[in-house]
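In my numbering, the protein residues as written are 19 to 178.
Glycine included, each C-beta is placed from N, C-alpha and C at the ideal position.
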Amino acid sequence: MMTTISAQALLGLYDKDYLKNVSTLGALSDDALMFLLEQGDILQPAAGERLFSYEDPVDCFYVVLDGQIDFYKPCRNGRTLIRQYHRGMEIGFVAMIGLHGRAGDADAGPQPTYLLRVSTGLFSDLQQQIPNDFGILLLNLAREMSRRLREADIRLAELE
């Protein structure tokens, strides 16, 4: 069962410096970090718990604060694990900005996992209220997408 914890409870487990060293949140101000933590949802899924399923509608993305999310794509034989998301990585941003359904299933890994859920509303609120940090977050998200595109290119080249 997915548990929701408060920003204060999370800060009892991890300090701000740890969270600001998470690549998706890197270089954000203390105000922006606290805004996201207090206004977003901090989730702790159980091991193996489904975060979302293929073709689910998208209204948010997640930042892995600690732990692991396993991402599976549907295929002829059921589904295939294509990526494991670890500390600092985001999952679901591409689907959110692409305005399409989820591209696969996301399940929590075996170790304790903490996620920050950033809804479309929170994303917009950050842009309106703390625009400089919104730009930094957007740069961090674009950098993550770039890394994944490069990784996909390498995998495709290795198939040849």
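Buried or exposed (CB count within 10 angstroms, at least 16 for buried), residue i
i, result
"L55", "buried"
"Y36", "exposed"
"T131", "buried"
"A27", "exposed"
"T42", "buried"
"M114", "buried"
Beta-carbon contacts of residue i that lie in its chain and below 7 Å, excluding the five residues immediately before and after
i, result
"I154", "A45, L46"
"D74", "G119, R120"
"I23", "I60, Q62"
Which of helix, strand or coil DSSP assigns to residue i
i, result
"G139", "helix"
"Q129", "coil"
"A50", "helix"
"Y36", "helix"
Residue interval of the alpha helix (DSSP H) (run including residue i)
i, result
"R166", "149 to 177"
"G44", "Careful: G44 lies outside any alpha helix (DSSP H) and carries neither H nor E."
"G30", "25 to 31"
DSSP beta-bridge partners of residue i
i, result
"A113", "Paired residue(s): none; A113 is not in a bridge."
"I60", "I23, L134"
"E108", "V81"
Cut-off 6 Å between Cβ atoms - residues of its own chain near residue i, not counting five sequence neighbours on either side
i, result
"R166", "none"
"T21", "Q62"
"M107", "V82"
"L140", "Q57, G58"
"F111", "F79, L159"
Residue i CB to nearest heavy atom of the ligand ATP below 7 Å
i, result
"Q57", "This structure does not include the ligand ATP; it has no bound ligands of any sort."
N- and C-terminal bounds of the beta strand (DSSP E) containing residue i
i, result
"D88", "86 to 93"
"R97", "96 to 104"
Residues near residue i in its chain [Cβ-Cβ closer than 8 Å; skip 5 each side]
i, result
"I148", "S47, D49, A50, F53"
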